[in-house]
Amino acid sequence: MCNWAIDADGLQLAANETSNTVIDKALRFLDGQKLESIEVTRKDMKTIFQFDLGGKLSTWPYSDQEVRCDAQWILYDYGAKLTRALKGDGTWLCETLPD
Numbered sequence: 000m001c002n003w004a005i006d007a008d009g010l011q012l013a014a015n016e017t018s019n020t021v022i023d024k025a026l027r028f029l030d031g032q033k034l035e036s037i038e039v040t041r042k043d044m045k046t047i048f049q050f051d052l053g054g055k056l057s058t059w060p061y062s063d064q065e066v067r068c069d070a071q072w073i074l075y076d077y078g079a080k081l082t083r084a085l086k087g088d089g090t091w092l093c094e095t096l097p098d
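Residue numbers (numbering that gives the first Met the number 0): 0 to 98.
Pasting the structure below:
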């Protein structure tokens with residue numbers, strides 16, 4: 000529940016309002032890349048996921064305050080049995096996965 004964009008070496012490949020065909024192509028570019036870093040900017044709650052082969056996924060909250068309580072993204076850590084999420088209002092969630 001957020002705005003997002005996928006970039007490759009500084010060029011935007013797709014964004015949340017692009018056609019499904021373009022989005023699919025951008026997702027294929029990211030597929031198999033290793034996530035190297037995650038950076039969250041507290042001021043605007045923008046998150047940048049940086050990948051090893053030049054891929055970048057950026058997320059930021061919608062301007063509509065009503066949906067800022069929804070999660071922008073959720074990461075699953077099956078080894079630690081945890082989920083971590085960032086909501087558009089800046090709230091962080093960490094929950095244990097069921098056995």
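Ideal Cβ positions, reconstructed from N, Cα and C, are used throughout, including at glycine.
Only a predicted model underlies this, so the values are computations on that prediction, with no experimental measurement involved.
- For Gln11, the number of other beta carbons within 10 angstroms of its own is below 16, and it is reported as exposed.
- Listed in chain order, the beta strand (DSSP E) elements of length 3 or more contained wholly in the region 10-38 are 10-14.
- The beta-bridge partner set that DSSP reports for Thr90 is empty.
- DSSP lists Lys86 as the bridge partner or partners of Ala70.
- Residue pairing for Leu56: DSSP places it in a beta bridge opposite Ile5, Phe48.
- Note that the region 60-69 touches the region 87-94; at least 3 beta-carbon pairs, one per stretch, sit closer than 8 Å.
- As DSSP reads the structure, Leu81 sits in a beta bridge with Asp76, Thr95.
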